[in-house]
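Using the working numbering, you'd call the opening residue of the sequence shown number 596 and step up by one each time.
The next block holds one structure in the form of structure tokens; read it before the comments.
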Amino acid sequence: MKFKPAHLLGLGSLAVAALLLAPYASAKNSYRIAAQAQFKLISADGKGEIGCIYCHASPTGGRGWNKFGQELSGFYFGDAKRNIGDALYLTLKADKDADGDKYPDVLEVVAKTLPGDATSKPTKTVAVLEAELKALGGVDAFKPKP
Ligand SMILES: [Ca+2]
């Protein structure tokens, strides 16, 4: 195949787009990675278990939060701008049920379901999950590391 200048232009455009989007994508990804570690949502093989949909309305992230993300952003951008670790912890400590599925957000973290999506619900009862949370040390198990 003969290489044409048009190919270079295409590659150049892709490279520029990647450079422009990289800081945006990595900033958001750092929040996802922080949430995975703090909420203990990392599988035995070290892989993260949550995607952008954990807090965002879209699986690809970007603007627009789901109900849990709205609670989180309230703590993150609230009276004093907090770091993501404190905002994550305070969101669980508030003891709310963001998606209204009758499971408090902290119990959905324990159950590894989506606290911002009412169609993603734990299979265990609230009482069983409360006992599991207690065994972990309560909501403070999800406190940010100092
Ligand atoms: Ca819920």
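A virtual CB, placed ideally from N, CA and C, is assigned to each residue, including glycine.
- Bounds of the alpha helix (DSSP H) holding tyrosine 671 are 662 to 671.
- At a Cβ-Cβ threshold of 9 Å, phenylalanine 737 and tyrosine 684 count as neighbours.
- With a cut-off of 8 Å, the C-beta of glycine 695 is classified as near ligand 1, since at least one heavy atom of the ligand falls inside that distance.
- Secondary structure at isoleucine 645: coil, using DSSP grouped into helix, strand and coil.
- A straight-line Cα-Cα distance of about 17 Å links serine 715 and phenylalanine 634.
- Per DSSP, the continuous alpha helix (DSSP H) segment holding valine 721 begins and ends at 721 to 731.
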